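In full-length UniProt numbering, the protein residues as written are 1 to 90.
So this is what it looks like as structure tokens:
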């Protein structure tokens, strides 16, 4: 019984070491990421105060919500109707 519990313990240690290596790899890759802000509009680059940042964030969140609402209202095409149309064509 002790052999089994020791085996399980070593398995957990191996998983932890593997997880740490994966995490280190991800952090190393993230460190290499460089963000290009050149396409960002000047008014966004100059927004320094906390209030301006919050206001812009609210505006962007509102626009995002509006776009999501539009996407949710779009109904999926009726694929069976398209198939029937193509079949009847020939």
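Every residue gets a Cβ at the ideal spot worked out from N, C-alpha and C, and that includes glycine. If you're wondering where the values come from, they're calculated on a predicted model, not measured in any experiment.
| said: Within the continuous alpha helix (DSSP H) that includes residue 53, where are the two ends? | reply: The residue given as residue 53 occupies position 53 in the chain shown. Segment 50 to 73, the alpha helix (DSSP H) holding residue 53.
| query | So residue 85 is in the alpha helix (DSSP H); what residue range does that whole segment cover? | reply | By 1-based counting over the chain shown, the position of residue 85 is 85. Secondary structure note for residue 85: its alpha helix (DSSP H) is the uninterrupted segment 79 to 89.
| When DSSP labels each residue in this structure, what does residue 36 get in the three-state scheme? | In the chain shown, residue 36 corresponds to position 36, counting from 1. Coil.
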